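Below is one structure, written out as C-alpha cells; the observations come after it.
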Amino acid sequence: MNKRIVIAGAGILDVLVCPVENHVFEKGSVPVDTIKISTGGDALNEATVLARLLEKPGSVELLTLVGEDKAGSMILEHCHREGIGTELFTVDNSVQTGVNVVMVQKDGNRSFFTNPKSSLRKLAPGHFSGLFSGAGQETDGIFCLASIFVSPELGGDALAEIFGRAKQEGMIVCADMTKCKNGETTEDIREALSYVDYLFANKEEAAMVTGAVQTGEMAERFLACGVGTVVIKCGADGCFVKNRDIAGQFPALQGIRCVDTTGAGDSFAAGFLWGLSEGVTLRECICRANICGALATETVGASEGVRSRKQVREILDKYGNTMESVL
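Counting along the sequence shown from 1, when you hit position 104 you're at 388 in the numbering used here, and nothing is skipped either side.
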C-alpha cells in the first residue's frame with residue numbers, strides 16, 4: 285500500500301514581477317520582462333512538486349484554507365490538474381484567499397506584498413480535524429507542516445497537539461519553517477519539536493529561532509529539543525544535516541543559473557519527502573532535495589522548475605556522486 289502523504293499549510297496565488305530594481309517606485313510606469321500569476325504558498329508548492337515526482341494521482345493530499353472566491357477556485361483547479369488530493373481543503377466564504385505580489389530582483393532574491401488578513405495567516409487547529417478522522421488506519425504515512433510560524437493560531441501548544449496526534453497515527457512527522465514573527469525561540473516550540481522526525485529550516489530562520497551562529501550549533505539546539513534529523517538549507521552552499529549519527533555539509537547542484545528563488549526551499553523539501561516516501565537512504569534524500577531546490581531557481585515561479593520525476597532522476601544519475609557530504 286502506498287504511503288499516505290499529507291502536506292499542510294498555505295495555498296495561495298503569487299503575482300510575480302521580474303526583474304525589479306530598487307527604484308521601482310520612483311516612476312509612474314516601469315517596464316519589466318515578466319508579470320505572471322502562479323500558484324504559491326509553502327504547502328501548495330511542496331505538494332505540487334511532490335505530486336510530479338511521485339507521478340501517482342492522489343498520492344499527495346493538501347490540507348489548507350482558501351476562500352470561496354476566484355483565487356480559491358484557481359487553486360482547486362490547479363490541484364485537480366496536478367493530481368493533488370483536496371479532501372482536506374477548507375473553503376470558507378468568510379475569508380479572502382491569499383494573494384502575494386512577489387517582486388524578484390535580478391539576482392533572484394525577492395520582496396513581497398502580503399495580506400495578513402487573508403487565508404495565508406488564518407489556518408487554525410480546527411482545520412486539522414479531518415486529518416485524524418481515520419485514526420489507526422494509517423501506519424506508515426508522512427505528515428509535513430510546510431511552515432512553522434506562518435499561522436499565528438498554530439502556536440507551540442497547537443503544534444504539539446497536531447504533531448503528537450500524527451505520531452499516534454504512525455506517521456513520520458516533518459516540518460519546515462519561515463522566519464519567526466514575534467521573537468519565538470526553540471523553547472517556545474520545544475514540545476512540538478520533540479515529535480518532529482525531520483526538520484527543515486534555512487540558515488537565517490534557524491539562526492533567528494536558536495540564537496546560534498554556526499550551522500552545527502543551530503542543529504544541535506534543535507536536536508536537544510528532540511528533533512530526529514535537522515536539515516539546514518544553505519542556498520548555493522547546499523545544506524547542513526545533523527542527527528545523532530551523522531553531521532555533514534552536502535554541496536548544492538552546480539551549474540545553475542538562478543533567476544528566482546521563490547519556492548526553492550519548498551521544492552527542496554518536496555525532493556526530500558519523495559526520497560523518504562520511497563525508503564531510500566538519508567544521503568539520497570538529501571541529494572534529491574538539493575537537486576529539486578536548485579532546479580526551482582532556474583525559472584520564474586514557485587513550482588515551475590521541477591517538471592517531472594524523469595528530469596530529476598537523470599540529474600541524480602549524472603551528478604549524484606558529486607553531491608556527497610563533506611563530513
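Every residue, glycine too, gets a C-beta built ideally from N, C-alpha and C. This structure is a prediction, so every number in the text was calculated from the model and none was measured.
Considering only their Cβ atoms, is the gap separating residue j from residue i smaller than 8 angstroms?
i, j, result
"Leu507", "Val514", "yes"
"Ser551", "Ala580", "yes"
"Val457", "Val480", "yes"
"Ala327", "Gly382", "no"
"Gly356", "Gly325", "no"
"Ile359", "Leu297", "yes"
"Thr323", "His362", "yes"
"Thr470", "Thr499", "no"
"Leu560", "Gly510", "no"
"Leu438", "Leu372", "no"
"Ile540", "Ala496", "no"
"Ala430", "Ile291", "yes"
"Thr398", "Glu366", "no"
"Ala554", "Leu334", "yes"
"Cys464", "Met502", "no"
For residue i, tell me which candidate among the options has the shortest Cα-Cα distance.
i, options, result
"Lys287", "Met358, Cys302, Val379, Cys428", "Cys428"
"Glu330", "Gln595, Ile599, Arg572, Ala586", "Ala586"
"Gly410", "Ile446, Gly392, Glu468", "Ile446"
"Gly425", "Met455, Ser313, Lys463", "Met455"
"Asp353", "Thr374, Glu345, Gly342", "Thr374"
"Phe309", "Asn377, Met387, Ser592", "Met387"
"Val350", "Ile319, Leu404, Val385", "Leu404"
"Arg593", "Thr565, Phe556, Thr606, Leu300", "Phe556"
"Ile319", "Glu366, Ile570, Ser313, Pro303", "Pro303"
"Thr606", "Ile570, Glu588, Val584, Gln595", "Ile570"
"Thr565", "Gly369, Val596, Glu608", "Glu608"
"Glu588", "Ile321, Glu305, Val290", "Ile321"
"Thr583", "Asp529, Arg474, Val301", "Val301"
"Ile432", "Ala408, Val344, Thr462", "Thr462"
"Arg394", "Val385, Ser402, Leu372", "Val385"
"Glu475", "Ser402, Gly448, Glu568, Lys311", "Gly448"
"Gln380", "Thr370, Pro400, Gln389, Gly392", "Pro400"
"Ile530", "Thr546, Glu305, Glu504, Thr545", "Glu504"
"Lys340", "Gly604, Tyr603, Lys602, Glu562", "Glu562"
"Gln389", "Ser313, Phe412, Asn306, Asp376", "Asn306"
"Val344", "Asn466, Phe412, Trp558", "Trp558"
State the beta-bridge partners of residue i as determined by DSSP.
i, result
"Asp298", "Ser322, Asn384"
"Ile599", "Partner(s): none; Ile599 has no beta bridge."
"Val514", "Leu483, Lys526"
"Val290", "Glu345, Phe427"
"Phe534", "Cys523"
Using 8 angstroms for Cβ pairs, my map puts residue i next to residue j. What's the rounded Cβ distance?
i, j, result
"Val543", "Arg336", "Val543 to Arg336, Cβ: 20 angstroms. No contact."
"Arg572", "Leu537", "That pair is no contact at about 11 angstroms."
"Gly512", "Tyr482", "6 angstroms"
"Leu346", "Ile368", "5 angstroms"
"Asn574", "Phe534", "6 angstroms"
"Ala485", "Lys517", "7 angstroms"
"Asp460", "Gly549", "7 angstroms"
"Thr545", "Gly312", "Not really, about 29 angstroms apart at Cβ, beyond 8 angstroms."
For the ligand NAP, is there a heavy atom less than 7 angstroms away from the beta-carbon of residue i?
i, result
"Ile426", "In the structure shown, the ligand NAP is absent, as is every other ligand, since no ligand is present at all."
### Query
What residue ranges within the segment 327-408 form continuous beta strand (DSSP E) runs of no fewer than 3 residues, ordered along the chain?
Secondary structure remark: continuous beta strand (DSSP E) runs of at least 3 residues inside the segment 327-408, in chain order: 344-347, 349-351, 374-376, 383-388, 394-397.
### Query
Which residue spans inside the segment 412-491 form an unbroken beta strand (DSSP E) run of at least 3?
Uninterrupted beta strand (DSSP E) stretches at least 3 residues long and entirely within the segment 412-491 occur at 426-432, 456-461, 482-486, given in chain order.
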